[in-house]
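If you count by the numbering used here, then the sequence shown holds residues 51 to 885, one letter each, in order.
Every residue, glycine too, gets a C-beta built ideally from N, C-alpha and C.
Predicted model, so just to flag it, every value in this text is computed and none were measured.
Okay, so here's the structure we're looking at.
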Amino acid sequence: MFLHSISRTLLVGSLAVLFTAAPWVVDHPACADEPAATPVSSITAPPGFRVELLRSAGSEEGSWVSMTFDDRGRLILGLDDVGVARLTLADDARQIRYEKLDESLKHCRGVLYAHNSLYVNATNSQGFYRLRDTNGDGQFDERKLLAQLDYRSRYGHGGNQVVLGPDQQIYLVHGNDVSFPAGVDPASPYRDPHNDWLLPNPHDAGQDDRVGYILRTDPEGRRWEVIAGGFRNQFDLAFNADGEMFTYDADMEWDVGQPWYRPTRINHVVTGGEYGWRWGTGKWPEYYEDSLPSTVDTGLGSPTGVVFGTRGRFPARYRQALFAADWQNGRILLVDLKPQGASYTGAYEAFVEGGPLNVCDLEFGPDGALYFITGGRGSQSGLYRVVWTGDSAATDEAPDPDQDSSRAARQLRQLRRQLENYHVTRDRQAVEMLWPHLSSPDRWLRFAARRALENQEVTAWRTRALQESQPTAAGAALIALCRSGEQADQQAVLAALGRFDLQSLAPSDLLAMLRAYQLAMTRWGQPPRGDEMAERLRPLYPHARADVNHLLGELLIYLQDDSAVRLTLPRLRGTSQEEQIRAARALTQARTGWNLESRRELVEWLLAARSLQGGKLLSDRLREIRDDFQAGLSATEREQLQKELQRLDEPAAQLPASTRPAVRQWAIRDLADDLAAVSAKRSYQRGRQALLAANCLKCHRLGVEGAPIGPDLTSVGRRYDAAKILESLIEPSKVIDPKYRHTSYRLESGRVVSGRPVSVSRTTIVVETDPLTQQTINVNRDEVEESRPAEASPMPSGLLDTLHREEILDLLALLMSGGNPGDQRFTDSAAPATR
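Next comes the structure, spelled out in structure tokens:
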């Protein structure tokens, strides 16, 4: 089997002699009038690694967004505005030569040198091109349009990077604003995506194929296949040493605090994979059985380039890892992936970070060093190199040998690939081969088997699907039939689902069955006997699990069950912010089961919801819920609820600032001897009052309360003891989670601005200084003398200074308990606090 050895280049081994281990360091441009990329003094890397700035883009050299090495070790750059350029590297950084190769292709987000050609994904030229040097003069004199791209956006979610696969085919990474190009094979592994929303939000605009996807073609661009889809705006992809594909998909940070928010994520991309991104509020949750989950979530960010360390002259751990660039947060993440079943699990940490360090792309060079470029949106570009300076023997160490678990995982991945072969081929023996894997406990095998089943003639397996008695296999097979069958199958599918005792199913099987119910209606409409189905589902609702409640609630509302409103309203109380919003959104589509009191209950929730914390779109989504609710009122109800509805139009009351007087400036030593008292005889009520007084819930989640701006505190007591929690409260800057660390900019005036960079241009850095109010400051890049990771935490100090000693101990007990009032630490006492 050919193992992928380089993702974007075809380089011969002899190229390595062009590169030396001597450091290339250019912290400042040769001419003082020329712009300069961020100096390495403002960039951090792990011990044993050195970051070198090789070149700052000159004022006439544009902003660089993509890169690839050619067959002579030269670096080809895709430019942000117009054109393609080339850097001929040299031992002396001052001798690095820049030349323009093309001045017509617009916004070249993807470049790949392979097959003696330069492939260019020119987003704003709406085309994928192949450039060739036919006479050997070093210039690309032949240009051929291989595919016209229908790109309809101004947000940059278009044609992204181009990658060489281990099969020597060309892979194109496309964001959600590029339609499938003409001529795509209708039998592609990923095809005909549907929204499949049971209760479509009328405010969501879009079309079924408006998803990000991975496209594959041959070197000549003759045959086109869509390999996987359901992404938002994945910029790049990379193959590991085993030939498995990974990408880094973007979040929509305006959705934070809402049920459809999806963090930036590393996705293991498999043939036929559906990853669930849809427009607006319609993003699929990961528990939809007809989708695949993320591998690693990385929070807020702006994903760009990815590359595996396979070719790096780095220690073994780094050669196995995935390097992922986060443009917004100015960092390169190190993602350690571990085989798990037929897929992977993983964890991440910051590898390189600085500010501003808007990394666009990265690639390992012939010398085994990691090269990366900064730029994008007209911002200042630079070329950097990361080299290992530690023990040279470490780079010769072999990766850990296959253990039994790894060997078993490899076998499962091989089995998954066998199943994936049937995603595009039909075989009489396929159904027999794949059927046992429909009941696999491994979700990735189950998904591969179901997609393979959908590609076979329905007549070969319809009866078997309807008669299957094993719950896991039945759920998968009936979902397949909903997706591949016809209207006439609806009654048979619903009858097959009706044979299972839903209350006795395992949660994963129950979710699959409920999803099959949904698909039977999203694809085929209202069933003839919906009241009978509602009667079967009603005893399960509400359920102890939020994911089950989501599907059950939508089903009962869709079926116009009179009890749906009454059973859904409790989800507006005592649940997470996200579940409340999801329940309210569904209630706006309930047409039966309302009375005056239930209408008032939703109005009261709408009033309270105005204090919820979240991303920029939260207020818009709440307003849409309010408008849709009011649109469903009769004239009589409007008159009866007139006073309540008028309150909805009043400005939301602002939370009053704390008027508690300062008690003292607490230090850890003041409380260290009292920590043993946290374990018993504490007051839950007083702890909650202290939690509110210290403003913890404005940024943090505890249980179902609070805002998702900072780390979730619900499980903090399972990871840290009381002493460590106290330290983080009193000295929040002593240890800062890298995921939440801000950047500090020291200006020429001596002023220091700290915050999260949310936008970077050639002249300006927009810094969000307050995550609560989303207040920003524009920083002129020319005025920045130094930037580095902030030493101060975004969490302010002094939050405990208005609390008394006993209140602090109660607060610690509350955090240790995860917000559980029944924890053994608490008594019923809620006596006033004393000093």
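Range covered by the beta strand (DSSP E) that runs through residue 275
Stepping through the sequence shown from its first residue, residue 275 is reached at position 225. That run of the beta strand (DSSP E) goes 274–281.
Where in the stretch 338–395 do unbroken runs of the beta strand (DSSP E), each at least 3 residues long, occur, reported from the N-terminal end onward?
346–349, 353–358, 372–376 and 381–390
CB-CB under 6 Å to residue 611, same chain, minus the five flanking residues each way: which ones, in chain order?
As a working note, residue 611 is residue 561 in the sequence shown. Around residue 611: 584.
So, using beta-carbon positions, are residue 758 and residue 791 closer together than 8 Å?
As a working mapping, residue 758 is identified with position 708 in the sequence shown. As a working mapping, residue 791 is identified with position 741 in the sequence shown. No; because the gap between Cβ atoms is not below 8 Å, this pair is not in contact.
Which residue marks the beginning of the beta strand (DSSP E) containing residue 557, and which one marks its end?
Here the question's residue 557 lines up with position 507 in the sequence shown. Careful: residue 557 lies outside any beta strand (DSSP E), inside the alpha helix (DSSP H) at 557–572.
Which whole-angstrom value is the C-beta distance of residue 105 and residue 124, which I expect to be below 8 Å?
Mapped onto the sequence shown, residue 105 falls at position 55. Mapped onto the sequence shown, residue 124 falls at position 74. Going by Cβ atoms, the distance from residue 105 to residue 124 rounds to 13 Å, so no, they are not a contact pair.
For a quick check, are the C-beta atoms of residue 763 and residue 602 less than 8 Å apart?
Position 713 of the sequence shown holds residue 763. Position 552 of the sequence shown holds residue 602. No, the Cβ-Cβ distance between residue 763 and residue 602 is not below 8 Å.
Starting from the Cα of residue 672, find the closest Cα among 636, 483, 874 and 686 and give me that residue.
On the sequence shown, position 622 is the one that residue 672 refers to. Per the Cα distances, 636.
Going by DSSP, what residues sit across from residue 94 in a beta bridge?
As a working note, residue 94 is residue 44 in the sequence shown. Residue 94 is bridged to 403.
Alpha carbon to alpha carbon, how far is residue 569 from residue 248?
As a first step, residue 569 is located in the sequence shown; it is residue number 519 there, counting from the start. As a first step, residue 248 is located in the sequence shown; it is residue number 198 there, counting from the start. Computed Cα separation, rounded: 8 Å.
Determine the extent of the alpha helix (DSSP H) in which residue 532 is found, giving its start and end residues.
Counted from its first residue, the sequence shown places residue 532 at position 482. Element bounds for residue 532: 521–534.
For residue 431, does the count of other Cβ atoms within 10 angstroms reach 16, so buried, or fall short, so exposed?
Counting from 1 along the sequence shown, the entry for residue 431 is found at position 381. It counts as buried.
I'd like the list of long-range same chain contacts for residue 313, defined as Cβ closer than 6 Å, with 5 residues on each side in sequence excluded.
Position 263 of the sequence shown holds residue 313. Excluding positions up to five away in sequence, the list reads 301, 347 and 349.
Return yes when the Cβ of residue 151 is within less than 8 Å of the Cβ of residue 190, no when it is not.
Here residue 190 refers to the residue found at position 140 of the sequence shown. Here residue 151 refers to the residue found at position 101 of the sequence shown. Against a cut-off of 8 Å, the Cβ pair of residue 151 and residue 190 comes out as a contact.
Give me the residue from 309, 640, 400 and 367 with the minimum Cα distance to residue 662.
Within the sequence shown, residue 662 is the residue found at index 612, counting from 1. When only C-alpha atoms are compared, the closest one is 309.
Unbroken beta strand (DSSP E) runs of length 3 or more, entirely within the stretch 170–254: which are they?
177–182, 192–198, 209–214 and 220–224
Using alpha carbons as the reference points, say which of 283, 305 and 574 lies closest to residue 7.
With the chain covering 51 to 885 only, the question about residue 7 has no answer from this structure.
Can you find the residues in the same chain that come closer than 6 Å, C-beta to C-beta, to residue 688, ignoring five residues on each side of it along the sequence?
For the purposes of this step, residue 688 is identified with residue 638 of the sequence shown, where counting begins at 1. Here the set comprises nothing.
State yes or no: is the C-beta of residue 39 within less than 8 Å of the C-beta of residue 126?
The question about residue 39 has no answer, for the chain in this structure spans 51 to 885.
Length-filtered (4 minimum) alpha helix (DSSP H) runs lying within the stretch 681–732
685–690, 692–698 and 718–721
Which partner residues of residue 745 appear in the DSSP bridge assignment?
Walking along the sequence shown from the start, residue 745 turns up at place 695. None, per the DSSP bridge assignment.
Mind checking if residue 787 is an interface residue toward chain D, Cβ cutoff 8 Å exclusive?
This model lacks chain D altogether, as it is built from one protein chain only.
Should residue 270 go down as buried or exposed, given a rule of 16 or more other Cβ atoms within 10 Å for buried?
Here residue 270 corresponds to residue number 220 of the sequence shown, with the count starting at 1. Exposed, since its Cβ has fewer than 16 Cβ neighbours within 10 Å.
I need the boundaries of the alpha helix (DSSP H) containing residue 618, first residue and last residue.
For the purposes of this step, residue 618 is identified with residue 568 of the sequence shown, where counting begins at 1. 614–618 is the span of the alpha helix (DSSP H), which, as asked, contains residue 618.
Leaving out five residues on either side along the sequence, give the residues of the same chain with a beta carbon under 6 Å from the beta carbon of residue 869.
As a first step, residue 869 must be located in the sequence shown, where it is residue number 819. Contacts found: 752 and 753.
Please confirm if the stretch 676–684 is in contact with the stretch 735–752, defined as three or more CB-CB distances below 8 Å between the two stretches.
no
Out of curiosity, what's the CA-to-CA distance linking residue 525 and residue 559?
If you number the sequence shown from 1, residue 525 lands on position 475. If you number the sequence shown from 1, residue 559 lands on position 509. Near 7 Å, if we compare the C-alpha coordinates of residue 559 and residue 525.
Taking C-alpha atoms, which residue in 466, 531 and 172 lies nearest to residue 926?
For residue 926 there is no data in the structure shown, the boundaries of the chain being 51 and 885.
Starting from residue 655, trace the alpha helix (DSSP H) both ways and give me its first and last residue.
The residue you call residue 655 lines up with position 605 of the sequence shown. Per DSSP, residue 655 belongs to the alpha helix (DSSP H) from 646–659.
Considering residue 817, what are the terminal residues of the beta strand (DSSP E) in which it resides?
Locating residue 817 in the sequence shown gives position 767, where the first residue counts as 1. Run containing residue 817: 814–820, per the beta strand (DSSP E) assignment.
Measure the alpha-carbon distance for residue 178 versus residue 169 and round it to whole angstroms.
Counting from one through the sequence shown, the residue named residue 178 turns up at place 128. Counting from one through the sequence shown, the residue named residue 169 turns up at place 119. Their Cα atoms are separated by approximately 7 Å.
From residue 98 to residue 618, what does the alpha carbon distance come to, in whole angstroms?
Numbered from 1 along the sequence shown, position 48 holds the residue referred to as residue 98. Numbered from 1 along the sequence shown, position 568 holds the residue referred to as residue 618. Residue 98 and residue 618: Cα-Cα distance of roughly 56 Å.
Excluding the five sequence neighbours on either side, which residues of its own chain have a C-beta within less than 7 Å of the C-beta of residue 303, listed in chain order?
Taking the first residue of the sequence shown as 1, we reach residue 303 at position 253. Correct list, in chain order: 350 and 665.
From the DSSP secondary-structure annotation, give me the bridge partner or partners of residue 751.
Within the sequence shown, residue 751 is the residue found at index 701, counting from 1. Answer by DSSP bridge pairing, in chain order: 756.
Out of 389, 396 and 382, state which residue places its alpha-carbon closest to the alpha-carbon of residue 422.
Numbered from 1 along the sequence shown, position 372 holds the residue referred to as residue 422. Of the listed residues, the one whose Cα sits closest to residue 422 is 382.
Touching or not, the stretch 530–544 and the stretch 212–224, by the rule of three or more beta carbon pairs under 8 Å?
no
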